[in-house]
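The block underneath contains the structure these notes are about, expressed in structure tokens.
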């Protein structure tokens with residue numbers, strides 16, 4: 158398996174210079190490739206969380222079969238992690254929420270993306286900017302390895318739980334939470350794109 162992944166990555170790195178991130182989970186490894194040209198600020202934001210180890214030992218807290226798998230905001234005890242300031246929405250860049258893409262999650266505000274992201278398990282074009290009356294979910298990456306892992310995750314049993322929301326300052330329900338925690342044990346940048354991470358003088 159390692160040989161297959163290495164071979165795949167070698168062929169990819171000869172084609173372009175986009176950042177590649179490996180997500181090791183309790184159900185297998187997923188590898189994604191970013192879109193820095195279409196969503197530069199979103200990619201920079203995501204990579205900053207990865208490089209700081211923010212995603213390590215977080216969970217995928219929302220799993221809806223045939224729709225999305227969402228994570229990047231809660232620890233194993235369902236405690237919401239503190240995030241940086243939200244970033245500006247980049248959903249107008251033309252990329253669509255089709256199956257196999259990765260997008261940033263939002264709250265009620267259009268410019269509220271912070272750390273949480275989700276995998277599109279179907280062609281969710283209703284999440285695009287053009288059909289959201291000004292509100293869309295920014296696509297910033299694509300899955301290049303680990304589709305079978307996503308297929309396994311989306312079939313797990315889920316439940317409804319209560320958790321304390323800092324946004325609403327009270328206990329609120331959280332739906333579609335896996336009965337057995339699916340852990341993102343480690344997120345690692347395998348290859349970086351200087352265009353995304355370099356600081357402007």
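Numbering (this note's numbering), first residue to last: 158 to 358.
All residues carry an ideal CB built from backbone N, CA and C; glycine is no exception.
Per DSSP, which residues does residue i bridge with? Please list them.
i, result
"residue 215", "232 and 341"
"residue 178", "189 and 346"
"residue 296", "260"
Confirm, please, whether the CB-CB distance from residue j to residue i is below 9 Å.
i, j, result
"residue 105", "residue 203", "Nothing about residue 105 can be read from this structure; the chain reaches only from 158 to 358."
"residue 339", "residue 220", "yes"
"residue 342", "residue 205", "no"
"residue 307", "residue 274", "no"
By Cβ distance below 7 Å, which residues in the same chain neighbour residue i in space, the five residues on each side in sequence not counted?
i, result
"residue 241", "271"
"residue 198", "244, 245 and 247"
Apart from the five residues just before and just after residue i, which ones in its own chain have a Cβ nearer than 8 Å to its Cβ?
i, result
"residue 299", "189, 190, 192, 257, 258 and 259"
"residue 323", "237"
Taking the alpha-carbon positions, what's the residue i to residue j distance?
i, j, result
"residue 235", "residue 279", "26 Å"
"residue 253", "residue 296", "7 Å"
"residue 246", "residue 269", "8 Å"
"residue 196", "residue 251", "10 Å"
"residue 344", "residue 305", "18 Å"
"residue 201", "residue 207", "10 Å"
"residue 261", "residue 319", "23 Å"
"residue 326", "residue 266", "17 Å"
Leaving out the 5 sequence neighbours to the left and right, which residues in its chain are closer than 6 Å to residue i when beta-carbon positions are compared?
i, result
"residue 286", "248, 249 and 293"
"residue 317", "330 and 332"
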